[in-house]
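Inspection log for the structure reproduced underneath, given as structure tokens.
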Amino acid sequence: MNPLLHPPGHSEESEKLYENLESMYRVVHRKLDEKGISPESMGCSLQPRKTELPLVSINRLRLPGDLTRELLYSVTDELKRALECEDEIDQLLHQAELDQTRASEFVISQLIGNGTAEYTSAELLHLVAVLTVRPFLSWLSEHVNAHKAHPDSWLQGNCPFCGTVPVLGRISAEDGRLLLWCWLCATEWRFPRMACPYCNGSAADGQLFFTVRDTPYRVELCKNCSRYLKILDERRLPEHEEIALSWIMNDLLTHHLDVLAWKEGYISPS
Ligand SMILES: [Zn+2]
Ligand SMILES: [Zn+2]
């Protein structure tokens, strides 16, 4: 059995959830293209970057209301089935009384933590928001080039596109360099190998790592800030096996690495 595709704790049910999400996301991308929606109309600048700030502010995003609402309901239907939480989800959607104009505002506010506390479960709402916002942000990141023009000029610990702090990266088989991967918008960017993306500590400050035996995974631990980065070392992948970092890998297939890091006393970076 391939340890990469079948890590511990991963169920068929959760794999099915991500398969279904991916096909919903493809529909969202297609509809955004077909409707001729512009990144600018969603609150995203096409101008070259002028500052050292990420290109978009999540709290300024304006997602298309109809598509957001449609996806939100598809995502919640999937979650009801996969997590068996029909009552909780129905209750929160009932309370939110979503119409098209509020759908974008609703998911963005849940995502950045400004949602009202009267809804049922903060964690569930955050999950719904993340799963709903992802395809819009990945579409924007694909269609805007300002953050990609100079890949060596960013080198910061947060996403050059949306500012999110990453939890996963890969060491490129091509040149051994580290690329961080954004769990929200799927952007990749380069980062120095011997530094911590969370506190900018260097190897001299106490960067450690452990590898998971017989797999291409490693976890880099920072003694300085007690956070950790999960890494897929592509140089250790079986020959001819290429694998792109993905949301299912970020959320589920590397969860065993989180558990190992937690046991060592390290805390999740996001
Ligand atoms: Zn991002
Ligand atoms: Zn650190």
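In the working numbering, the protein residues as written are 5 to 274.
Backbone N, C-alpha and C fix where the C-beta goes; we use that ideal spot for every residue, glycine too.
Limits of the alpha helix (DSSP H) - the one that residue i falls within
i           : result
residue 336 : Residue 336 falls outside the range modelled here, since the chain spans only 5 to 274, and no answer is possible.
residue 93  : 90–100
Distance between beta carbons of residue j and residue i, contact taken as under 8 Å
i           : j           : result
residue 148 : residue 229 : Contact flag wrong, Cβ pair sits at about 31 Å.
residue 186 : residue 226 : At roughly 19 Å, the Cβ-Cβ gap does not stay under 8 Å, so residue 186 and residue 226 are not in contact.
residue 29  : residue 252 : 12 Å between Cβ atoms; not a contact.
residue 270 : residue 221 : 15 Å between Cβ atoms; not a contact.
residue 72  : residue 107 : 4 Å
residue 241 : residue 190 : In fact, because the Cβ distance is near 20 Å, the residues do not count as touching under 8 Å.
residue 76  : residue 111 : 6 Å
residue 235 : residue 161 : The pair is not a contact, with the Cβ atoms about 14 Å apart (cut-off 8 Å).
residue 125 : residue 74  : Actually they do not touch by this definition, with Cβ atoms about 23 Å apart.
residue 4   : residue 197 : Residue 4 falls outside the range modelled here, since the chain spans only 5 to 274, and no answer is possible.
residue 171 : residue 274 : 6 Å
residue 96  : residue 129 : 6 Å
Unbroken beta strand (DSSP E) run spanning residue i, endpoints
i           : result
residue 183 : 182–185
Where residue i sits in the DSSP three-state scheme
i           : result
residue 179 : coil
residue 215 : strand
residue 248 : coil
residue 259 : helix
residue 271 : strand
residue 123 : Model confidence at residue 123 stands at a pLDDT of 47, short of 50, so the residue's coordinates are unreliable and nothing is read from them.
residue 57  : coil
residue 66  : coil
residue 264 : helix
residue 21  : helix
residue 1   : Absent from the model: residue 1. The displayed extent of the chain is 5 to 274, so no value can be given.
residue 33  : helix
residue 160 : coil
residue 139 : helix
residue 15  : coil
residue 147 : helix
residue 108 : helix
residue 49  : coil
residue 82  : helix
residue 76  : helix
residue 26  : helix
residue 10  : Residue confidence for residue 10 is low, a pLDDT of 47 falling below 50, so the modelled location carries little weight and cannot support an answer.
residue 238 : helix
residue 254 : helix
DSSP bridge partner residues for residue i (one or two, in chain order)
i           : result
residue 233 : 224
residue 206 : 199
residue 192 : 185
Closest by C-alpha distance to residue i, when choosing among the options
i           : options            : result
residue 145 : 163, 136, 130      : 163
residue 169 : 39, 40, 99, 272    : 272
residue 19  : 114, 258, 32       : 258
residue 26  : 90, 46, 132, 139   : 139
residue 266 : 111, 37, 115, 224  : 224
residue 165 : 62, 34, 36         : 62
residue 217 : 264, 181, 255, 247 : 264
residue 131 : 188, 268, 35       : 188
residue 15  : 58, 86, 156        : 86
residue 58  : 245, 90, 152       : 152
residue 143 : 41, 156, 100       : 41
Cβ of residue i within 8 Å of any chain C Cβ
i           : result
residue 185 : In the displayed structure, chain C is absent; only one protein chain is listed.
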